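S.K.: Taking our numbering, the leading residue of the sequence shown gets 84, the next gets one more, and so forth. By construction, the Cβ of each residue, glycine as well, lies at the ideal position given by its N, Cα and C atoms. Nothing here was measured: the structure is a model prediction, and the numbers come from that model.
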Amino acid sequence: MADQLTDDQISEFKEAFSLFDKDGDGCITTKELGTVMRSLGQNPTEAELQDMINEVDADGNGTIDFPEFLNLMARKMKDTDSEEELKEAFRVFDKDQNGFISAAELRHVMTNLGEKLTDEEVDEMIREADVDGDGQINYEEFVKVMMAKRTQRTVSSHRSQNEEKPNAGRKRRKRVKIRDCVFL
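#1: Per DSSP, which residues does residue 111 bridge with? Please list them.
#2: Is residue 181 helix, strand or coil by DSSP?
#3: Please work out which residues of its chain come closer than 8 Å, Cβ to Cβ, to residue 213, disregarding the five sequence neighbours upstream and downstream, and give them in chain order.
#4: Quick check on the DSSP output: what are the complete alpha helix (DSSP H) runs of length 4 or more inside the segment 188–219, in order along the chain?
#5: Just verifying my parser: in three-state terms, what is the DSSP assignment at residue 126?
#6: Compute the distance between the beta-carbons of residue 87 and residue 187, then report whether it is under 7 Å.
#7: CA-CA distance, residue 111 and residue 103?
#8: Measure the C-alpha to C-alpha separation of residue 180 and residue 90 and round it to an integer number of angstroms.
#9: Between which two residues does the alpha helix (DSSP H) containing residue 142 stretch?
#10: Checking 7 Å against the spacing of the C-beta atoms, do residue 143 and residue 132 come in under that value?
#11: From residue 211 to residue 228, what does the alpha carbon distance come to, in whole angstroms?
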């Protein structure tokens, strides 16, 4: 995970880490982790900090060494990138930038992606994602659909490695879902 960081990022993280490694032993306490992360532009909640600490402090000794910290930062940055990708994808669908994806906007984007959909198919896609029932998709609903896509993709790739494909060769129109049209 940390191998995805640039040399500049690693240097920046080392500098921040060193500022809080008071005795120079290569470790910071879990209490200092929040301060370090905030100095690097991250803004974790207390719950997120506790989760991060639990992830990296494998021996439970209350300290985090630099390699553990690098892995933590790489993971946190990947999550931030994913969030930016989701926001950008939502902006693509939300043509009028009003914070909602309407049926017309969805149809427009899907047509540009080469999907010719019936009104019923567009309505079904909206219904699938529309948790609050207002007939359009807000950002939170969009995120839920997209996160479900990631989970489904992970499960599907695991399944496809472990089972035969029944009905192979059988042709039928595949149900199109919003999450299948955004490439994250």
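M.R.: Considering the structure as presented:
#1: If you number the sequence shown from 1, residue 111 lands on position 28. Beta-bridge pairing links residue 111 to 147.
#2: Locating residue 181 in the sequence shown gives position 98, counting from the first residue. Of the three classes helix, strand and coil, the one that applies to residue 181 here is coil, per DSSP.
#3: As a working mapping, residue 213 is identified with position 130 in the sequence shown. Shown here for residue 213: same chain residues with a beta carbon closer than 8 Å to its own, the five before and five after excluded, namely 219, 220 and 224 in chain order.
#4: Look at the segment 188–219 and you find these whole runs of alpha helix (DSSP H), each 4 residues long or longer: 202–212.
#5: Taking the first residue of the sequence shown as 1, we reach residue 126 at position 43. Coil.
#6: The residue labelled residue 87 in the question sits at position 4 within the sequence shown. The residue labelled residue 187 in the question sits at position 104 within the sequence shown. In this structure, residue 87 sits away from residue 187, with a CB-CB distance that is not shorter than 7 Å.
#7: Within the sequence shown, the letter at position 28 stands for residue 111. Within the sequence shown, the letter at position 20 stands for residue 103. Whole-angstrom Cα-Cα distance: 6 Å.
#8: Residue numbering aside, residue 180 sits at position 97 when the sequence shown is read from its first letter. Residue numbering aside, residue 90 sits at position 7 when the sequence shown is read from its first letter. Rounded to whole angstroms, the separation of the alpha carbons of residue 90 and residue 180 is 37 Å.
#9: Translated into the one-based positions of the sequence shown, residue 142 becomes position 59. Note, residue 142: premise wrong, no alpha helix (DSSP H); not H, not E.
#10: Looking up residue 143 in the sequence shown gives position 60. Looking up residue 132 in the sequence shown gives position 49. In this structure, residue 132 does not lie closer than 7 Å to residue 143 by Cβ.
#11: Here residue 211 corresponds to residue number 128 of the sequence shown, with the count starting at 1. Here residue 228 corresponds to residue number 145 of the sequence shown, with the count starting at 1. Taking the straight line joining both Cα atoms gives about 8 Å.
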